[in-house]
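Those sequence lines, one after another, are chains Z and U. Mind the numbering: the first sequence is residues 473 to 644 in my numbering, read in order. Mind the numbering: the second sequence is residues 39 to 304 in my numbering, read in order. C-beta: ideal position from N, C-alpha, C; glycine also. Here is the structure we will look at.
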Amino acid sequence: MQDRDAEFGEFLDSRAAIMRRTAYLLCGGDWHRAEDLVQTTLTKIYVAWPRIRRDGSVDAYSRKIMVRAAIDESRRAYRRRESVVEDLPEIPAPAGTGVEDSVDVRRALAQLPAGQRAVVVLRYWEDLSVADTAQALGKSEGTIKSQASKGLAALRRLLSDRAGDRAGVEES
Amino acid sequence: MTDDSHIRADIKELLGRALEDEPPMRIDRGEVFQQGHKRLRRRRIFEAGSVVAGVVAIAVGAITLTGPRDDDRHGVPAADQPQPAPTMQVPPEASPPPAVEATPMATTDQHARDMTVALTEFLPEEMALEPMPDGVDSGFRATDGVYTLAADVVSRDGEGSLHIAVAPAKADDQTDCMMFMEDYQDCQMIGTGSDVVAVATEQFGTGEQRYVAFVDRPDGTTVNAVITNLSERQRAAGERPAIMVPVLSQQEFAQLALLSGLTYYY
């Protein structure tokens, strides 16, 4: 138990901050929820520690746990809200959205359905391949490509809308 | 840099903007270890080879565990060799503290009876609950804030035993197969939407097979359940299972764990 605690403690100290950032994006921009998510994930990693250390799969395992927990939690808490942007059409990115405010990005992220948000975060923040993202989420590669495309389109549209709203406010 | 990598870099930069004003880390290191130790203890109860007793121990916290040796798991039955049988032993009054604490809540005998009715109505008509050889009643009991049931299940196809613990959900409860990792031949999530149950299978060299179900339900109830293809009556008589699989299918067993009549709160 002492070896496990020492090894795991090193992992926790070195990875917790990085995990919290990913969790924050997965949660759609809530540091408290992100910390709860990381804490839950770390607890599960602790339990499986000997096996995942042996397999050299600590990072893959932790991503899988965290992203699935985030989706489950989001679906429970925000099921109604998520349906709002479920089927946004794919549109090209507007040139230079001009969005400077991180709040806008957070709000846009928060409006994505949890599954799309997870795909966007894993593909573009964690730099995972389509195959690795598919494995982490337990979905097909086709689904990942489709959700990444839809997620990005929705994100761009939401940011574009907010930039438009701001411009309107400034003009008036 | 390709167009694709430019796009990826732009999106990454965009996502990075959301992380501005990052607050100091408030993850409680001690809490992570405490919860990890707790989960590990809980998992080891299952691992001890006495899933049947483990479910009840989690719920009641007053039963010691014995079970098959590790090398009896997942193995080929050894012909004509006496097999150690998993049993439950109720300790004397001065028993050691429970391995996993239960959360004391108000339970009532009436609700326990209602749960028994709900379960009986769910079971196929030809299937009946029978008391175990120790003479314990075959219905639910309200014990230390948890509803538990331990009974033999007899149908025209064969017999087995059924253990259920219905308890209030704790903060770290979650329906997933993680708690079954490494210990079971397989685990699958059965159901759709929020009505999903983790159902694992455990096979022993004696021919005994157990389905173990866990669900943290949206109504705030957790249900732990185990069903086997070996009744406690058979176990006490030193018999082996007469049927290959438990008397309920995994799908039926998952439905059982989701029964609205087995809601903790009332």
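{"query": "Chain-order list of residues whose beta-carbon lies under 6 Å from that of I524(Z) (same chain, five-residue window excluded)", "result": "V530, Y533"}
{"query": "Beta-carbon neighbours of V530(Z), restricted to chain U and to distances below 8 Å", "result": "Neighbours of V530(Z) on chain U: none; closest Cβ ~14 Å, over 8 Å."}
{"query": "Beta strand (DSSP E) segments (min. 3 residues) lying fully within the segment 258-291 of chain U", "result": "259-266"}
{"query": "Beta-bridge pairing of W499(Z) - partner residues as DSSP gives them", "result": "The residue you asked about is not Trp; residue 499(Z) is Cys in the sequence shown. C499(Z) pairs with nothing; no bridge assigned."}
{"query": "Three-state secondary structure assigned by DSSP to A56(U)", "result": "coil"}
{"query": "Any C-beta of chain U under 9 Å from that of A625(Z)", "result": "no"}
{"query": "Members of the segment 572-589 of chain Z near chain U, C-beta cut-off 7 Å", "result": "S574, V577, R578, L581"}
{"query": "Pick from D527(Z), D633(Z), A506(Z) that is closest to I543(Z), judged by C-alpha positions", "result": "A506(Z)"}
{"query": "Proximal chain Z residues relative to I49(U), where beta-carbon distance stays under 9 Å", "result": "V592, R595, Y596, W597, L624, L627"}
{"query": "Close-in-space but distant-in-sequence residues of the same chain around P162(U) (CB under 6 Å, 5 per side omitted)", "result": "none"}
{"query": "Proximity winner among S43(U), G68(U), R179(U), D175(U), relative to L300(U) (alpha-carbon distances)", "result": "R179(U)"}
{"query": "Option nearest M153(U) by Cα separation, candidates V174(U), P284(U), V184(U), M170(U)", "result": "V184(U)"}
{"query": "Beta-carbon gap between D475(Z) and F71(U) smaller than 9 Å", "result": "no"}
{"query": "Residues bridged to F252(U) (per DSSP)", "result": "A236(U), N262(U)"}
{"query": "Where M305(U) sits in the DSSP three-state scheme", "result": "The displayed coordinates of chain U run from 39 to 304. Any statement about residue 305(U) would go beyond what the structure contains."}
{"query": "Contact list for the segment 486-499 of chain Z against chain A, Cβ threshold 8 Å", "result": "Absence of chain A from the displayed structure is noted, the protein chains being Z and U."}
{"query": "Min CB distance R552(Z) to chain U below 9 Å", "result": "A caution first: R552(Z) carries a pLDDT of 42, below 50, which makes its placement in the model too unreliable to give a value."}
{"query": "Cβ neighbour criterion (16 or more within 10 Å) applied to T494(Z)", "result": "buried"}
{"query": "Under the three-state DSSP convention, the category P522(Z) falls into", "result": "helix"}
{"query": "Chain U within 9 Å of S540(Z), Cβ atoms only", "result": "A small correction: the amino acid at residue 540(Z) is Arg; Ser does not occupy that position in the sequence shown. True, the Cβ-Cβ gap to chain U drops below 9 Å."}
{"query": "Endpoints, the beta strand (DSSP E) within which R179(U) is located", "result": "179-181"}
{"query": "Given A203(U) as reference, the closest of A263(U), L297(U), K50(U) once Cα atoms are compared", "result": "A263(U)"}
{"query": "Contacts around E545(Z), its chain only, beta-carbon distance under 6 Å, and the 5 residues preceding and following it disregarded", "result": "none"}
{"query": "Counted within 10 angstroms of its Cβ, other Cβ atoms place E240(U) as buried (16 or more) or exposed", "result": "buried"}
{"query": "Stretch pair the segment 56-68 of chain U + the segment 604-617 of chain Z: three plus CB contacts closer than 8 Å", "result": "no"}
{"query": "DSSP-derived helix/strand/coil call for D190(U)", "result": "strand"}
{"query": "The segment 187-194 of chain U contacting the segment 242-260 of chain U, beta-carbon criterion three pairs below 8 Å", "result": "no"}
{"query": "Between the CA atoms of P169(U) and D118(U) - distance to the nearest angstrom", "result": "Since pLDDT at D118(U) reaches only 35, below the 50 mark, its modelled position is unreliable, and no value is offered."}
{"query": "Opposing strand residues paired with E168(U) [DSSP bridges]", "result": "D190(U)"}
{"query": "Same chain, Cβ closer than 8 Å to L484(Z), neighbours up to 5 away in sequence not counted", "result": "L514"}
{"query": "Residues bridged to H201(U) (per DSSP)", "result": "A188(U), V264(U)"}
{"query": "CB contact flag (A280(U), E164(U), <9 Å)", "result": "no"}
{"query": "Cβ of E507(Z) within 9 Å of any chain U Cβ", "result": "yes"}
{"query": "Proximity below 9 Å, CB of Y518(Z) to CB of R77(U)", "result": "yes"}
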